[in-house]
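**Student:** Questions regarding the structure given below will be posed in turn.
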Amino acid sequence: MYTQALNTAETDDRGLEDAAKAAQFQARIDAEERIEPNDWMPAAYRKTLTRQISQHAHSEIVGMLPEGNWITRAPSLRRKAALLAKVQDECGHGLYLYAAAETLGTSREELVDAMLAGKAKYSSIFNYPTLTWADIGTIGWLVDGAAIMNQIPLCRCSYGPYARAMIRVCKEESFHQRQGYEIMLTLCHGSDEQKAMAQDALNRWWWPVLMMFGPPDATSQHSDTSSKWKIKRFSNDELRQKFVDATVPQAQYLGLTIPDPGMVQDADGHWRYSEIDWTEFKQVLAGNGPCNRDRMAARRKAHDEGVWVRDAAAAYAAKRAQRRTAQAAE
Amino acid sequence: MPVANIQVSETPLVLYALRRADDALILGHRLSEWCGHAPMLEEDMALSNIALDLIGQARELYTYAAKAEGKDNDEDKLAYLRDVRQYRNLLLVEQPNGDFAQTLVRQFFYSAFADLYWRAMMASRDAALAAIAAKSEKESAYHLRHASEWIIRLGDGTAESHARAQAAIDHLWAFTGEMFAVDEGERALIHADIAIDPASLRGRWLTTLSGVVSEATLELPQTDWMQQGGRSGRHSEHLGHLLSELQSMQRTFPGQTW
Numbered sequence: 001m002y003t004q005a006l007n008t009a010e011t012d013d014r015g016l017e018d019a020a021k022a023a024q025f026q027a028r029i030d031a032e033e034r035i036e037p038n039d040w041m042p043a044a045y046r047k048t049l050t051r052q053i054s055q056h057a058h059s060e061i062v063g064m065l066p067e068g069n070w071i072t073r074a075p076s077l078r079r080k081a082a083l084l085a086k087v088q089d090e091c092g093h094g095l096y097l098y099a100a101a102e103t104l105g106t107s108r109e110e111l112v113d114a115m116l117a118g119k120a121k122y123s124s125i126f127n128y129p130t131l132t133w134a135d136i137g138t139i140g141w142l143v144d145g146a147a148i149m150n151q152i153p154l155c156r157c158s159y160g161p162y163a164r165a166m167i168r169v170c171k172e173e174s175f176h177q178r179q180g181y182e183i184m185l186t187l188c189h190g191s192d193e194q195k196a197m198a199q200d201a202l203n204r205w206w207w208p209v210l211m212m213f214g215p216p217d218a219t220s221q222h223s224d225t226s227s228k229w230k231i232k233r234f235s236n237d238e239l240r241q242k243f244v245d246a247t248v249p250q251a252q253y254l255g256l257t258i259p260d261p262g263m264v265q266d267a268d269g270h271w272r273y274s275e276i277d278w279t280e281f282k283q284v285l286a287g288n289g290p291c292n293r294d295r296m297a298a299r300r301k302a303h304d305e306g307v308w309v310r311d312a313a314a315a316y317a318a319k320r321a322q323r324r325t326a327q328a329a330e
Numbered sequence: 001m002p003v004a005n006i007q008v009s010e011t012p013l014v015l016y017a018l019r020r021a022d023d024a025l026i027l028g029h030r031l032s033e034w035c036g037h038a039p040m041l042e043e044d045m046a047l048s049n050i051a052l053d054l055i056g057q058a059r060e061l062y063t064y065a066a067k068a069e070g071k072d073n074d075e076d077k078l079a080y081l082r083d084v085r086q087y088r089n090l091l092l093v094e095q096p097n098g099d100f101a102q103t104l105v106r107q108f109f110y111s112a113f114a115d116l117y118w119r120a121m122m123a124s125r126d127a128a129l130a131a132i133a134a135k136s137e138k139e140s141a142y143h144l145r146h147a148s149e150w151i152i153r154l155g156d157g158t159a160e161s162h163a164r165a166q167a168a169i170d171h172l173w174a175f176t177g178e179m180f181a182v183d184e185g186e187r188a189l190i191h192a193d194i195a196i197d198p199a200s201l202r203g204r205w206l207t208t209l210s211g212v213v214s215e216a217t218l219e220l221p222q223t224d225w226m227q228q229g230g231r232s233g234r235h236s237e238h239l240g241h242l243l244s245e246l247q248s249m250q251r252t253f254p255g256q257t258w
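Here it is as structure tokens:
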């Protein structure tokens, strides 16, 4: 197995994690070198990345559910094909990311089990429901837009396999974002009913999307070490502000109103948003969002109902290998 | 004023294209229901991929049918504004996904036929149909390989997967006869070398099936009784529910552009 073959260092780390190695590691990071799976790395670096990459993978997979909710109801054949292809891309992202996480020494099965057991997190945004077709446009425009803002800097992340996965993911996300915006544009050029649908979706998604960038810098737990290791290159608040500044003119072009009456543009051109309701964010993270239970139930159901299929595939592969060995022995 | 159901002038050629378009759309729709819920991520990818191919085929065939009809229908009107009695797909493709075995057996029966059918249709005297066939044949060959591999894995996997695969074969077998039936209108298209006679494919279809099924340690049923009706709009109860979901936006917001 790829993972095990590459990672013999896991148990060694504790003994070898001396000051000299750590200093050498940090020097490589500072010199913008990429860390590769077989390189020595501090146990905490491995742990942080495994957590971040697997959470990212889980988000892609759980993220298939809210959008998948509209595949069978997409309003035209072109939209149906585009949405199905998009959700399929998200699945592909999940697969690359699990593969990138596996290079750090934890198998996909273990990572998925942790998610299904409720021990691993995924992006809180996917705990909100998709109620109308405009939600599909809004997710593409805003959720994928926010994801791109977060992920572009990750293309330069110090860990090679993650950085490389992000390059491809970002290209596809940027296509999805344009697709979502185009859905919104069509709605906003449509009937009053369609325009109202677009505005309603923006109203519901705006604040949860701003929360996607994570807690404010003043309270964020992981940023310091992540910055030192060049896993994270911009702070949550910096990325959030970049996103808001990019999005406000797009909303204006659509003729939609950002649901923040207190928003003002400052002298430097930045759009200053009002206070975010972090209580809601904490509640959703704690499992109390509108769809947390549904999302987990759907993933567990797929997993449980798939057991016999995966068992069959494994049993068949074992039989075939056995037959080959027997044939070779004859 | 938007209408509830469109009327289609079903000349033999329009009807011919519509039937194949409906097969592809309904089967593609069924497969798309798996997206996000498959037994493994690789199958979420594969089933979505096959669904995309089929929806692509449907779009080409609807566009062809609309052109052949020469009125103001288009791919979306044909897909979204016909009721269950106007749909012309095989009963096989509208059958619910059931478990993974049922989905894969349905796909296997259909793809084993579609692969032969599209290959033969590449010789159609109608250049547009021949071009659709050339593209669809490449896709069907992959769909058949994917389904065949799964039939073998399931049949020769565990006792449970074997039982489920056999149950799916027994359940779906009666829906396969319709693939080979021809009515008068189609007979004329066959004589004109626009269409091919599906009955001529049955022997090779059975050979493909027998090979895979026997490698899978499964059996084909001995029964000859076949359900029919899809081609003339007499469907199972399942199709109405599928259509009410598929068409919900167009029915709720008539005449709008999305």
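Going down the list, the sequences are from chains S and F.
Note that the numbering used here has the first sequence beginning at 1, numbered continuously upward.
Note that the numbering used here has the second sequence beginning at 1, numbered continuously upward.
All residues carry an ideal CB built from backbone N, CA and C; glycine is no exception.
1. So, helix, strand or coil for S/I276, using DSSP?
2. With distance defined between alpha-carbon atoms, name the residue in S/H58, S/A43, S/C157, S/W133 nearest to F/G36.
3. Tell me which residue opens and which closes the alpha helix (DSSP H) that F/Q256 is part of.
4. I need the DSSP call for F/Q259, collapsed to helix, strand or coil.
5. Using DSSP bridges, identify the partner residues of S/W271.
6. May I ask which residues mark the beginning and end of the alpha helix (DSSP H) holding S/H93?
7. In angstroms with no decimal places, state the Cα-to-Cα distance between S/A246 and S/L210.
8. So, is F/H143 buried or exposed, given that buried needs 16 or more other C-beta atoms within 10 angstroms?
9. Can you confirm whether S/G140, when its beta carbon is compared against all beta carbons of chain F, has any partner nearer than 7 Å?
10. Name, please, each residue of chain F whose Cβ falls closer than 8 Å to the Cβ of S/M64.
11. If we call anything under 7 Å between Cβ atoms a contact, is S/R295 one with S/L104?
12. Roughly how many whole angstroms lie between the Cα atoms of F/A4 and F/L81?
13. If contacts are defined as beta-carbon pairs under 8 Å, then S/L49 and S/Y162 qualify, I think. What distance do you get, rounded to the angstrom?
14. Could you tell me the alpha carbon to alpha carbon distance between S/A286 and S/M212, rounded to whole angstroms?
15. Can you give me the Cβ contacts of S/V244 inside the same chain, cut-off strictly under 6 Å, excluding the 5 residues immediately before and after it?
16. Please report the straight-line C-alpha distance between S/A74 and S/K80, rounded to a whole angstrom.
17. So with Cβ pairs under 7 Å, would you call F/M249 a contact of chain S?
18. Which whole-angstrom value describes the C-beta separation of S/G255 and F/Q256, a residue pair presumed to lie in contact below a C-beta threshold of 8 Å?
19. Counting only C-beta atoms, is F/L100 closer than 7 Å to chain S at any point?
20. Are the CB atoms of F/A165 and F/A101 within a distance shorter than 7 Å?
21. So F/I186 and F/I132 are supposed to be a Cβ contact under 8 Å. How far apart are they, rounded?
22. Suppose the cutoff is 7 Å on Cβ atoms and the five residues either side in sequence are ignored; what does the same chain contact list for S/R324 look like?
23. Go ahead and pull the three-state DSSP assignment for S/T11.
24. Would the beta-carbon of S/I29 fall within 7 Å of that of S/S174?
25. Measure from the alpha carbon of F/L90 to the alpha carbon of each residue in F/V213, F/Q247, F/R20, then state which is nearest.
26. Strictly by DSSP, which residues pair up with S/Y159?
27. I'd like to know whether the C-beta atoms of F/D115 and F/S140 end up nearer to each other than 7 Å.
28. Does DSSP put F/G185 in a helix, in a strand, or in coil?
29. Taking Cβ positions only, does S/I136 come closer than 7 Å to chain F?
30. Can you list, in chain order, the residues of its chain whose CB lies under 8 Å from that of S/A5, leaving out five sequence neighbours each side?
31. Just to confirm, are F/P96 and F/D170 a CB contact at a threshold of 7 Å?
32. Taking all protein chains shown into account, do 16 or more other C-beta atoms lie within 10 angstroms of the C-beta of S/M1, making it buried, or fewer, making it exposed?
33. So, for F/H238: in the same chain, excluding its five sequence neighbours on each side, which residues have a beta-carbon less than 7 Å away from its beta-carbon?
34. Going by other Cβ atoms of all chains shown within 10 Å of its Cβ, with 16 needed for buried, is F/V213 buried or exposed?
35. Would you call the stretch 277-284 of chain S and the stretch 87-100 of chain S in contact, with 3 or more CB pairs under 8 Å?
36. Starting from the C-beta of S/P290, find all residues in its chain whose C-beta is less than 7 Å away, skip the five residues before and the five after it, and write them out in chain order.
**Tutor:** The structure says:
1. Indexing the first sequence from 1 puts residue 276 of chain S at position 276. Coil at S/I276, not helix or strand.
2. Working through the second sequence from its first residue, we reach residue 36 of chain F at position 36. Among S/H58, S/A43, S/C157, S/W133, the Cα nearest to that of F/G36 is on S/H58.
3. As a position in the second sequence, residue 256 of chain F is number 256, starting the count at 1. Here F/Q256 belongs to no alpha helix (DSSP H), and DSSP marks it neither H nor E.
4. For residue 259 of chain F there is no data in the structure shown, the boundaries of chain F being 1 and 258.
5. Taking the first sequence and counting its residues from 1, the one referred to as residue 271 of chain S is at position 271. The partner list for S/W271 (beta bridge, DSSP) reads S/Q265.
6. The residue given as residue 93 of chain S occupies position 93 in the first sequence. Element bounds for S/H93: 77-102.
7. As a first step, residue 246 of chain S is located in the first sequence; it is residue number 246 there, counting from the start. As a first step, residue 210 of chain S is located in the first sequence; it is residue number 210 there, counting from the start. C-alpha separation (whole angstroms): 13 Å.
8. For the purposes of this step, residue 143 of chain F is taken as the residue at position 143 of the second sequence. With 16 or more other Cβ atoms within 10 Å, it is buried.
9. Here residue 140 of chain S refers to the residue found at position 140 when the first sequence is read from its first residue. Closer than 7 Å to the CB of S/G140 there is not a single CB belonging to chain F.
10. The residue labelled residue 64 of chain S in the question sits at position 64 within the first sequence. Per Cβ cutoff of 8 Å: C35, G36, D44.
11. As a first step, residue 295 of chain S must be located in the first sequence, where it is residue number 295. As a first step, residue 104 of chain S must be located in the first sequence, where it is residue number 104. It is not a contact, given that the beta carbons lie outside the stated cut-off.
12. For this step, residue 4 of chain F is matched to residue 4 along the second sequence. For this step, residue 81 of chain F is matched to residue 81 along the second sequence. Whole-angstrom Cα-Cα distance: 7 Å.
13. Residue numbering aside, residue 49 of chain S sits at position 49 when the first sequence is read from its first letter. Residue numbering aside, residue 162 of chain S sits at position 162 when the first sequence is read from its first letter. That pair is a contact at about 7 Å.
14. In the first sequence, residue 286 of chain S corresponds to position 286, counting from 1. In the first sequence, residue 212 of chain S corresponds to position 212, counting from 1. Distance from the CA atom of S/A286 to the CA atom of S/M212, rounded to whole angstroms, is 15 Å.
15. Counted from its first residue, the first sequence places residue 244 of chain S at position 244. Within the same chain, S/V244 has close Cβ partners W271, Y273.
16. Within the first sequence, residue 74 of chain S is the residue found at index 74, counting from 1. Within the first sequence, residue 80 of chain S is the residue found at index 80, counting from 1. Using only the alpha carbons, I get a separation of about 5 Å.
17. Translated into the one-based positions of the second sequence, residue 249 of chain F becomes position 249. The beta carbon of F/M249 falls within 7 Å of a beta carbon belonging to chain S, placing the residue at that interface.
18. One-based indexing of the first sequence puts residue 255 of chain S at position 255. One-based indexing of the second sequence puts residue 256 of chain F at position 256. 17 Å between Cβ atoms; not a contact.
19. Residue numbering aside, residue 100 of chain F sits at position 100 when the second sequence is read from its first letter. Correcting the residue identity first, residue 100 of chain F is Phe in this sequence and not Leu. Closer than 7 Å to some Cβ of chain S, the Cβ of F/F100 qualifies, so yes.
20. As a first step, residue 101 of chain F must be located in the second sequence, where it is residue number 101. As a first step, residue 165 of chain F must be located in the second sequence, where it is residue number 165. It is a contact, given that the beta carbons lie within the stated cut-off.
21. Translated into positions along the second sequence, residue 186 of chain F becomes position 186. Translated into positions along the second sequence, residue 132 of chain F becomes position 132. Rather than Ile, the amino acid found at residue 186 of chain F in this sequence is Glu. The pair is not a contact, with the Cβ atoms about 17 Å apart (cut-off 8 Å).
22. The count along the first sequence starts at 1 and reaches residue 324 of chain S at position 324. There are no such residues.
23. Position 11 of the first sequence, counting from 1, holds the residue named residue 11 of chain S. For S/T11, the predicted structure reports a pLDDT of 48, less than 50, and the residue's modelled location is therefore unreliable. A value from the coordinates is still provided. Three-state result, S/T11: coil.
24. Your numbering for residue 29 of chain S matches position 29 in the first sequence. Your numbering for residue 174 of chain S matches position 174 in the first sequence. No. Outside cutoff.
25. Taking the first residue of the second sequence as position 1, residue 90 of chain F is located at position 90. When each option's Cα is compared against that of F/L90, the closest is F/R20.
26. On the first sequence, position 159 is the one that residue 159 of chain S refers to. Per DSSP, S/I35.
27. Taking the second sequence and counting its residues from 1, the one referred to as residue 115 of chain F is at position 115. Taking the second sequence and counting its residues from 1, the one referred to as residue 140 of chain F is at position 140. A contact, by the Cβ cut-off of 7 Å.
28. Counting from one through the second sequence, the residue named residue 185 of chain F turns up at place 185. Reduced to three states, the DSSP call for F/G185 is helix.
29. Start at 1 with the first residue of the first sequence, and residue 136 of chain S comes out as number 136. S/I136 does not count as touching chain F.
30. Taking the first residue of the first sequence as 1, we reach residue 5 of chain S at position 5. Model confidence at S/A5 stands at a pLDDT of 35, short of 50, so the residue's coordinates are unreliable; what they give is reported in the following sentence. So no residue of the chain qualifies.
31. As a first step, residue 96 of chain F must be located in the second sequence, where it is residue number 96. As a first step, residue 170 of chain F must be located in the second sequence, where it is residue number 170. Not closer than 7 Å, so no.
32. As a position in the first sequence, residue 1 of chain S is number 1, starting the count at 1. Reliability fails at S/M1, whose pLDDT of 32 lies under 50, so the model's placement of it is uncertain and no value is given.
33. As a position in the second sequence, residue 238 of chain F is number 238, starting the count at 1. Within the same chain, Cβ atoms closer than 7 Å to the Cβ of F/H238 are found at E94, Q95, P96, the five residues on either side in sequence being excluded.
34. To locate residue 213 of chain F, count along the second sequence from 1; it is residue 213. It is buried - the Cβ of F/V213 has at least 16 other Cβ atoms within 10 Å.
35. By the Cβ criterion, the stretch 277-284 of chain S is not in contact with the stretch 87-100 of chain S, since fewer than three pairs of Cβ atoms, one from each stretch, lie closer than 8 Å.
36. For the purposes of this step, residue 290 of chain S is identified with residue 290 of the first sequence, where counting begins at 1. The residues are N127, Y128, P129.
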